[in-house]
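S.K.:
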Amino acid sequence: MKSNEEGSNPEQLFTAGYSSCFDRALNFVAMKKKIKVESETTAEVGFHKDNADHGYKMSVVLTVRLKGIRNVEAKALVEAAHQFCPFSKAIKGNVDVAVKHELV
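With our numbering applied, the sequence shown has no gaps in its numbers, which climb one by one up to 108 at the end.
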């Protein structure tokens, strides 16, 4: 791709893949626990100075919006999904990840 062409950058593709994977993991966990929930997950990526090698380090904030569920259930589902999600497992220890949930 030439620099003047439009298209997605790697960070946009990563956040799209991660948020989609996390949302599917959350719905899978909910199904296994027989909890009905509507959810939407978004991801934001950031870059920060890495003092260890003078380069940069990536971070991600996942925001999970949940409908039809109580806060205590939402927290448990989000935590379980984070343990189950293949993206979360793949980047564990390499990328700082914050997961937050909102009830709508």
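Here a beta-carbon is modelled for each residue, glycine too, at the ideal position from N, C-alpha and C.
No experiment lies behind these values; they were computed from the predicted model shown.
Look up residue 46 in the DSSP assignment and give the residues it is bridged to.
M.R.: Translated into positions along the sequence shown, residue 46 becomes position 42. Answer is 67.
S.K.: Tell me which residue opens and which closes the beta strand (DSSP E) that residue 106 is part of.
M.R.: Taking the first residue of the sequence shown as 1, we reach residue 106 at position 102. From DSSP, the beta strand (DSSP E) with residue 106 extends over 100-107.
S.K.: Count the other CB atoms within 10 Å of the CB of residue 43; is the residue buried (16 or more) or exposed (fewer)?
M.R.: On the sequence shown, position 39 is the one that residue 43 refers to. Burial call: buried.
S.K.: What's the call for residue 5, buried or exposed, on a 16-neighbour Cβ count within 10 Å?
M.R.: As a position in the sequence shown, residue 5 is number 1, starting the count at 1. Interpretation of residue 5 is limited by its pLDDT of 47, a score under 50 that renders its predicted location unreliable; the figure taken from the coordinates is listed afterwards. Under this definition residue 5 is an exposed residue.
S.K.: Considering only DSSP beta bridges, list what residue 60 is partnered with.
M.R.: For the purposes of this step, residue 60 is taken as residue 56 along the sequence shown, with counting starting at 1. Bridge partners of residue 60: 53.
S.K.: Alpha carbon to alpha carbon, what distance is there between residue 92 and residue 10?
M.R.: On the sequence shown, residue 10 is found 6 positions in, with the first residue counted as 1. On the sequence shown, residue 92 is found 88 positions in, with the first residue counted as 1. Taking the straight line from one Cα to the other gives about 29 angstroms.
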